Amino acid sequence: MTDVSQARKQSSPSAAAEGFDLAKLLLEGRAFFALIVIIVVFSILSPYYLSVANFLTMASHVAIFGILAIGMLLVILNGGIDLSVGSTLGLAGVVAGFLMQGVTLTWLGVVLYPPVWVVAVLACMLGAVVGLINGVLIARFKVPAFVATLGVMYMARGLALLMTSGLTYNNLGGKPELGNTGFDALGFNRLFGVPTGVVVLAIIAFIGSIVLNRTAFGRWLYASGGNERAAELSGVPVKTVQISVYVLSGICAAIAGLILSSQLTSAGPTAGTTYELTAIAAVVIGGAALTGGRGNIRGTLLGAFVIGFLSDGLVIIGISSYWQTVFTGAVIVLAVLLNAVQYRRRSKLPSATGGQPTSQKRGKAEPANPAQGKTAR
Amino acid sequence: MSAAADTGPATGDAVLSARNIVMSYGGVHALKGVNFDIHRGKVTTLFGENGAGKSTLMKILSGVVTPTSGDIVLDGNLVSFSSSSDARDRGISIIHQELSLAPNLSVRDNIFMGRELRTRTGLDFAEESRQARALMADLEEDIDPMTLVEDLRLGQQQIVEIARALSVDSRILIMDEPTSALSATEVEVLFKVIRDLTSRGVSIVYISHHLEEALQITDYAVVLRDGAITATAEARDIDLEWIVRNMVGENFDLGSPPTGHAFGEVALSIEDVSVVDTSGSGYSVVDHLSLDVRAGEIVCIYGLMGAGRTELLEAVAGRVPMAGGRALLEGEDVSGLSIAQRISRGLVLVPEDRQRDGLVQTMTVGRNLSLASIEAFAKGLFLSRSRERELVEDSIRKVTVKTAGGNAMIGSLSGGNQQKVVIGKMLTTNPKVILLDEPSRGIDVGAKAEVFRLLSERAAQGLAVVFSTSEVNECLSIAHRIVVMRRGRISAEFGANATKEQIMAASGEAVVA
Chain G
23 MTDVSQARKQ SSPSAAAEGF DLAKLLLEGR AFFALIVIIV VFSILSPYYL SVANFLTMAS
83 HVAIFGILAI GMLLVILNGG IDLSVGSTLG LAGVVAGFLM QGVTLTWLGV VLYPPVWVVA
143 VLACMLGAVV GLINGVLIAR FKVPAFVATL GVMYMARGLA LLMTSGLTYN NLGGKPELGN
203 TGFDALGFNR LFGVPTGVVV LAIIAFIGSI VLNRTAFGRW LYASGGNERA AELSGVPVKT
263 VQISVYVLSG ICAAIAGLIL SSQLTSAGPT AGTTYELTAI AAVVIGGAAL TGGRGNIRGT
323 LLGAFVIGFL SDGLVIIGIS SYWQTVFTGA VIVLAVLLNA VQYRRRSKLP SATGGQPTSQ
383 KRGKAEPANP AQGKTAR
Chain E
4 MSAAADTGPA TGDAVLSARN IVMSYGGVHA LKGVNFDIHR GKVTTLFGEN GAGKSTLMKI
64 LSGVVTPTSG DIVLDGNLVS FSSSSDARDR GISIIHQELS LAPNLSVRDN IFMGRELRTR
124 TGLDFAEESR QARALMADLE EDIDPMTLVE DLRLGQQQIV EIARALSVDS RILIMDEPTS
184 ALSATEVEVL FKVIRDLTSR GVSIVYISHH LEEALQITDY AVVLRDGAIT ATAEARDIDL
244 EWIVRNMVGE NFDLGSPPTG HAFGEVALSI EDVSVVDTSG SGYSVVDHLS LDVRAGEIVC
304 IYGLMGAGRT ELLEAVAGRV PMAGGRALLE GEDVSGLSIA QRISRGLVLV PEDRQRDGLV
364 QTMTVGRNLS LASIEAFAKG LFLSRSRERE LVEDSIRKVT VKTAGGNAMI GSLSGGNQQK
424 VVIGKMLTTN PKVILLDEPS RGIDVGAKAE VFRLLSERAA QGLAVVFSTS EVNECLSIAH
484 RIVVMRRGRI SAEFGANATK EQIMAASGEA VVA
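Here it is, written out as structure tokens:
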């Protein structure tokens with residue numbers, strides 16, 4: 023048996039050494055390199071691109087997609103998809119706007135003006151409820167994630183439109199005498215010169231990393247996304263994990279909704295339309311596998327920055343918005359293509375994984391050398 | 004039994020011959036210079052244990068894979084197949100163990116799948132139907148070509164596969180485990196079809212684990228072991244015992260039951276458990292079965308495929324619901340508990356299919372090993388990396404996994420070592436009872452012996468071990484007690500001194516023995 027392990031030890035470093043080529047480095051770090059290329063190219067094309075002010079502006083745009091994408095990453099790690107985040111973002115913004123106008127309790131004859139923190143908490147709870155509906159539909163009633171979240175996407179958007187009859191809340195400032203000022207602080211204002219949204223993104227990304235890497239929940243998520251049946255047989259509460267990721271994704275969407283309304287100083291029912299697709303694109307560009315189990319926060323953040331910096335760059339150099347759409351699409355296709363290349367390479371490594379246990383594979387994996395027979399006897 | 008690979012029967016009546024076939028994957032030889040003849044108009048059966056190389060050889064002969072070296076001789080001419088369709092064009096078809104039919108299509112559409120008959124404007128459905136009907140008449144099967152395949156019984160689906168092979172004028176038909184899912188009457192029908200085909204000059208290669216059954220139908224027997232032919236003979240010259248002896252080798256020892264420790268209290272008590280078939284037929288795959296296992300005892304559950312072994316173990320572990328009865332762990336009823344609760348109380352299952360149910364392929368060796376015992380290294384909300392590393396290293400050492408370390412990807416391990424990871428994962432939870440469903444499936448003899456040694460060591464420390472197998476040799480290794488299952492019930496119980504023939508007779512495998 024010993025000679026077998028030696029053979030394997032010898033072969034693995036050589037395989038690793040082959041891997042340290044430029045192609046592999048570029049492939050694995052593609053989101054990072056793409057970001058650098060984008061920054062360099064636009065800095066050459068436009069004198070305004072490379073400046074702290076512009077970077078902060080772009081970063082505050084990225085914050086919205088980044089927060090959505092982190093929620094989406096959790097869902098995608100689980101092997102699911104959440105199409106409802108854009109609508110949830112819009113609904114949360116509208117509900118926040120509605121609460122800022124004051125809630126008239128007719129039977130008491132009073133108008134309640136909840137303070138901003140209460141508004142924020144309620145909006146997040148709303149996001150959680152939307153996520154819970156998604157999660158329960160998917161985990162308990164076995165509705166495919168694509169269909170369940172598609173339905174919820176329409177419902178949330180419809181509710182947002184109903185609440186405002188299609189109009190937009192423009193007055194989110196509140197009044198000092200009512201004690202409900204400060205909505206600006208959620209996204210419009212800056213903290214030490216950094217837009218609040220970016221700070222919130224950083225905090226969420228930090229918490230997300232900790233949860234994914236350092237908690238049992240994170241381990242459960244990777245395991246159930248990688249192989250739900252194996253995870254379940256190992257005692258992982260796969261249903262709870264599945265529901266939780268949709269709830270967390272809903273909360274992230276609500277937070278993004280609050281920040282966006284604050285940035286725009288208005289809450290419209292159509293805010294965030296198609297943002298779910300941008301979020302998915304960011305996750306995919308970040309190297310996550312749509313089949314679940316692979317991906318991380320760092321990659322997803324890079325993906326969000328790639329998309330944000332690219333589209334803002336195209337605006338700055340004055341390319342028509344139609345071309346912007348084409349470029350963004352091309353980047354997404356390229357990213358998915360590279361994902362496919364990366365995971366194919368990985369599965370080509372010695373003694374490939376997966377699939378059916380045919381005796382052919384067995385033959386590949388099982389050295390049936392005489393030494394083994396001897397030790398066994 | 005030194006490999007007498009170079010002496011095959013005379014090649015005069017061989018329609019297809021493999022000459023000195025070597026198949027290597029990396030440095031591993033799956034086939035080591037195999038000579039194999041398919042006799043014209045006869046049934047040639049290939050016997051061998053899981054992993055002996057049967058399927059690899061068949062894939063080579065049907066053009067699915069190309070051998071590393073060696074020749075294939077068809078009708079006296081040297082040939083090489085570029086693909087399976089190339090082989091099919093020369094009259095060689097293979098029916099795989101898992102049927103490759105589209106259940107949502109009709110029999111006719113399946114038969115002509117991929118080579119549809121065309122008219123100038125579209126498909127010639129009328130001609131396809133006519134030919135399909137003619138094929139069914141040939142096979143004396145009353146199946147309407149327009150029936151959807153999913154509406155057919157498994158045996159009939161098998162017939163459709165055969166019809167598809169015949170529709171391309173196959174002269175050589177390779178059948179990989181064709182009867183594993185068939186009822187006794189369906190097997191009779193299949194055998195009639197096979198005899199009919201051979202009388203029409205079609206040559207059949209037959210692979211089956213039902214030795215007795217295969218002996219009924221075959222004309223020639225060839226035994227493959229560890230990638231080499233160990234014996235060939237005409238069927239009339241041999242018996243069951245001859246096959247078993249050549250398949251497993253004469254003096255290979257997988258260990259013996261651990262002695263020197265007294266059994267403890269009853270650790271696991273299965274009381275009157277029934278499990279209903281999940282496909283909704285209402286048929287009981289486990290039928291009012293009761294079994295007690297004591298601490299420190301090793302019990303082997305032997306049975307053929309479909310005897311209900313997997314369903315029994317999965318029901319006890321909480322994977323599938325019980326239709327009746329209960330399971331007690333040290334006197335406590337665990338029937339209503341979740342899988343996680345059963346694991347934390349000390350009842351664990353090592354599933355049969357490690358790729359599908361045992362391993363998370365996207366994670367490392369270490370994370371797979373620690374997956375079932377996360378609480379053991381959690382500190383409050385967070386996981387302690389150092390404690391996890393200790394746990395993983397300890398576990399790798401205890402179950403002797405050959406790996407570069409806990410951070411290696413699980414896919415980099417050999418099958419036997421992957422299996423040790425799955426077993427190690429469950430042993431790391433410090434169970435009181437471990438259930439293992441076919442723990443030796445798809446691993447080589449060396450790894451098999453190590454797994455069994457590991458289990459007997461743990462049993463000596465008081466662990467109750469229940470493992471299932473379909474290889475009779477494995478029952479006669481470390482088990483203190485052998486329970487034979489047949490059609491969801493216990494058909495016999497033996498001590499460690501039972502004979503192969505007794506066990507096989509009780510399982511329904513060797514009917515005449």
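So the protein sequences, as listed, match chains G and E.
According to my numbering, the first sequence is numbered sequentially starting from 23.
According to my numbering, the second sequence is numbered sequentially starting from 4.
Backbone N, C-alpha and C define an ideal beta-carbon position, used for all residues, glycine too.
Here the structure is a predicted model, which means the values were calculated and not measured.
State yes or no: is the beta carbon of residue 202 (chain G) nearer than 8 Å to at least one beta carbon in chain E?
For residue 202 (chain G), the answer is no, since every Cβ of chain E falls outside 8 Å of its Cβ.
Answer with buried or exposed for residue 331 (chain G), where buried requires no fewer than 16 other C-beta atoms within 10 angstroms of its C-beta.
Counting Cβ neighbours within 10 Å, residue 331 (chain G) comes out buried, since at least 16 surround it.
Evaluate residue 354 (chain E) with the Cβ neighbour count: other Cβ atoms within 10 Å of its Cβ, from every protein chain shown; 16 or more gives buried, anything less gives exposed.
Its Cβ being crowded by 16 or more others within 10 Å, residue 354 (chain E) is buried.
Can you confirm whether residue 236 (chain G), when its beta carbon is compared against all beta carbons of chain E, has any partner nearer than 8 Å?
With 8 Å as the cut-off, residue 236 (chain G) counts as an interface residue toward chain E.
Alpha carbon to alpha carbon, how far is residue 77 (chain G) from residue 96 (chain G)?
CA-to-CA, the gap between residue 77 (chain G) and residue 96 (chain G) works out to about 27 Å.
Can you list, in chain order, the residues of its chain whose CB lies under 8 Å from that of residue 451 (chain E), leaving out five sequence neighbours each side?
Taking residue 451 (chain E) as the centre and dropping the five residues before and after it, the same chain places the C-beta of 257, 419, 443, 477 closer than 8 Å to its C-beta, in chain order.
Compare the C-beta of residue 8 (chain E) against all C-beta atoms of chain G and say whether one is closer than 8 Å.
Annotation note: pLDDT 39 at residue 8 (chain E) (below 50); position unreliable, coordinate value reported separately. The beta carbon of residue 8 (chain E) sits no closer than 8 Å to any beta carbon of chain G.
Measuring CB atoms only, is the region 146-163 of chain G touching the region 257-268 of chain G, in the sense that at least three cross pairs come out at less than 8 Å?
Using a Cβ-Cβ distance cut-off of 8 Å, the region 146-163 of chain G and the region 257-268 of chain G are in contact, since at least three pairs of beta carbons, one from each stretch, lie closer than that value.
DSSP on residue 24 (chain E), reduced to helix/strand/coil?
The DSSP-derived three-state label of residue 24 (chain E) is strand.
Can you look up residue 336 (chain G) in the DSSP assignment and give me helix, strand or coil?
Reduced to three states, the DSSP call for residue 336 (chain G) is helix.
Is any beta-carbon of chain G found at less than 8 Å from that of residue 5 (chain E)?
Legend: pLDDT at residue 5 (chain E) = 39, less than 50; position of this residue unreliable, no value from coordinates given.
Neighbour flag for residue 259 (chain G) against chain E, beta carbons, 8 Å
Taking Cβ atoms only, chain E reaches closer than 8 Å to residue 259 (chain G), which makes this a yes.
When the Cα atoms are used, what is the spatial distance from residue 385 (chain E) to residue 353 (chain G)?
Inter-residue distance for residue 385 (chain E) and residue 353 (chain G) is about 37 Å (C-alpha atoms, whole angstroms).
Using the beta-carbon of each residue, which ones in chain G are nearer than 8 Å to residue 36 (chain E)?
Within 8 Å of the CB of residue 36 (chain E), no CB atom of chain G is found; the nearest one sits about 14 Å away.
8 Å Cβ cutoff, residue 159 (chain G) in contact with chain E:
Not closer than 8 Å to any Cβ of chain E, the Cβ of residue 159 (chain G) fails to qualify, so no.
Contact the region 135-151 of chain G vs the region 299-314 of chain G: 3+ CB pairs below 8 Å
Touching, no.
Inter-residue Cα distance where the pair is residue 225 (chain G) and residue 47 (chain G)
Distance between the alpha carbons of residue 225 (chain G) and residue 47 (chain G) is about 29 Å.
State yes or no: is the C-beta of residue 306 (chain G) within less than 8 Å of the C-beta of residue 357 (chain G)?
Here residue 306 (chain G) is near residue 357 (chain G), since their CB atoms are less than 8 Å apart.
Under 8 Å from the C-beta of residue 161 (chain E): neighbouring residues of chain G
For residue 161 (chain E), there are no C-beta contacts with chain G under 8 Å, since the nearest C-beta of that chain is about 19 Å from it.
Report the residues of the region 246-274 of chain G with a CB closer than 8 Å to any CB of chain E, ordered along the chain.
For the region 246-274 of chain G, which is checked against every Cβ of chain E, the residues closer than 8 Å are 247, 248, 249, 251, 252, 253, 254, 255, 256, 257, 258, 259.
Would you mind telling me which residues of chain E sit closer than 9 Å to residue 315 (chain G), beta carbon to beta carbon, in chain order?
Correct list: 363, 364, 365, 366.
Would you please verify whether the beta carbon of residue 241 (chain G) is less than 8 Å from any beta carbon of chain E?
Output row for residue 241 (chain G): interface = yes.
I'd like the ranges of any beta strand (DSSP E) spanning at least 3 consecutive residues and lying wholly in the region 185-211 of chain G.
For the region 185-211 of chain G, not one full-length beta strand (DSSP E) segment reaches 3 residues or more.
Does DSSP put residue 475 (chain E) in a helix, a strand or coil?
The three-state secondary structure of residue 475 (chain E), taken from DSSP, is helix.
List the residues that DSSP assigns as beta-bridge partners of residue 385 (chain E).
According to DSSP, residue 385 (chain E) shares a beta bridge with G:237, E:382.
Kindly say whether residue 385 (chain E), judged by its beta-carbon, lies nearer than 8 Å to any beta-carbon of chain G.
Yes, its Cβ sits closer than 8 Å to a Cβ of chain G.
Within 8 Å of any Cβ in chain E, is that where the Cβ of residue 244 (chain G) sits?
Interface annotation, residue 244 (chain G): in contact with chain E, CB-CB separation under 8 Å.
Neighbourhood of residue 81 (chain G) by C-beta, 6 Å cutoff - its chain only, sequence neighbours within 5 removed:
For residue 81 (chain G), where only same-chain residues beyond five positions count, the Cβ hits under 6 Å are 220.
Can residue 359 (chain G) and residue 244 (chain G) be called in contact, C-beta distance under 8 Å?
With contacts defined as CB atoms closer than 8 Å, residue 359 (chain G) and residue 244 (chain G) fail to qualify as a contacting pair.
Which residues mark the beginning and the end of the alpha helix (DSSP H) in which residue 87 (chain E) is found?
Counting along the chain, the unbroken alpha helix (DSSP H) around residue 87 (chain E) starts and ends at 87-92.
Using a cut-off of 9 Å between C-beta atoms, extract the partners of residue 242 (chain E) located in chain G.
None at all; the shortest Cβ gap to chain G is about 26 Å.
Neighbour flag for residue 145 (chain E) against chain G, beta carbons, 8 Å:
No, because no Cβ of chain G sits closer than 8 Å to the Cβ of residue 145 (chain E).
I want to verify the contact list: residues of chain G whose CB lies under 9 Å from the CB of residue 374 (chain E), in sequence order.
What residue 374 (chain E) touches in chain G, judged by beta-carbon distance under 9 Å, is 241, 242, 245, 252, 253, 256, 257, 258, going in chain order.
Could you pull out every residue in the same chain whose Cβ sits closer than 7 Å to the Cβ of residue 164 (chain E), ignoring the five residues on either side in sequence?
A distance below 7 Å between beta-carbons, with the five flanking residues on each side excluded, links residue 164 (chain E) to the following residues of its chain, in chain order: 98, 102, 104.
Beta carbon of residue 45 (chain E), beta carbon of residue 51 (chain E): below 8 Å?
For the pair residue 45 (chain E) and residue 51 (chain E), the CB atoms are not nearer than the 8 Å cut-off.
Minimum length 3: unbroken beta strand (DSSP E) runs contained in the region 208-279 of chain E:
Fully enclosed beta strand (DSSP E) runs of 3 or longer: 223-228, 231-237, 269-279.
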